[in-house]
Amino acid sequence: MATADIWQQLSLSTFNTMSAAQIVILDTSVGSIEIELYTRHAPKTCKNFYELSKRGYYDGVSFHRIIENFMIQGGDPTGTGRGGTSIYGDKFEDEIHGELKHTGAGILSMANAGPNTNGSQFFITLAPTPWLDGKHTIFGRVKDGMNVVKRMGLVPTDKNDRPKDPVRIIRARVEE
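Going by the UniProt record's numbering, the residue at position 134 of the sequence shown is 134; the numbering climbs one at a time, nothing skipped.
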């Protein structure tokens, strides 16, 4: 095992045991959403989201794709749905676990362009989406603010599922 791999594993191990629950709060133009991260199941993905949030990467970023009764998607600083990078470089691998399923509203998952193409984009489900199981890394859930997520899911959108009026993350912050 290369030295860099050892340090990365130690870093993920330390992150995974930092506290019982890692919390990220997204203060949005619609209200606040408190997210609990599943660090035990998806440590690398959680660290990516946590660190990007802590660094201010998501501040001012829009939810660029909203589909009623399906999901809200954000995390792309370009707002196009094609941008964003991870803390590990451009893209990183999936962390798929059979016991985690898209069983209802409020599931936090990575948006991707196929296997092992995770960057900074994420989505929150608005309903059960079982066809996504095994294709997207689930790494958390909405702990508080589901009413905000539901309101976001109802905003008027254009034919490309883009909100007609911007819905933005004003500030992403971590509980330490």
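Virtual Cβ for every residue (Gly too), placed ideally from N, Cα, C.
Model, not experiment: these values are computed from the prediction.
- DSSP bridge partner residues for Gln-73 (one or two, in chain order): Arg-65 and Phe-123
- Measuring CB to CB, does Thr-39 end up less than 8 Å from Thr-137? no
- Query: Using CA coordinates, which residue listed in Gln-22, Ile-67, Ala-21 and Tyr-50 is at the minimum distance from residue 178?
  - Reply: This structure cannot settle anything about residue 178, because the visible part of the chain is limited to 1 through 176.
- Task: Starting from Thr-45, follow the alpha helix (DSSP H) in both directions and report where the run begins and ends.
- Result: 43-54
- For Lys-47, count neighbouring C-beta atoms within 10 Å of its own C-beta (all shown protein chains included) and say buried if the count is 16 or more, exposed if not. buried
- Message: Excluding the 5 residues flanking Lys-164 on each side, which residues of the same chain have their C-beta closer than 7 Å to its C-beta?
- Response: Pro-156, Thr-157 and Asp-158
- Message: Please state the DSSP three-state secondary structure of Ala-115.
- Response: Note that residue 115 corresponds to Pro in the displayed sequence, not to Ala. Residue state, collapsed to three classes: coil.
- Message: So Ile-170 and Thr-80 are supposed to be a Cβ contact under 8 Å. How far apart are they, rounded?
- Response: Incorrect: roughly 20 Å between the Cβ atoms, too far for contact.
- How many angstroms separate the CA atom of Met-146 from the CA atom of Asp-90? 30 Å
- How many angstroms separate the CA atom of Val-174 from the CA atom of Trp-131? 31 Å
- Item | Simplified DSSP assignment, three categories, for Leu-154 | coil
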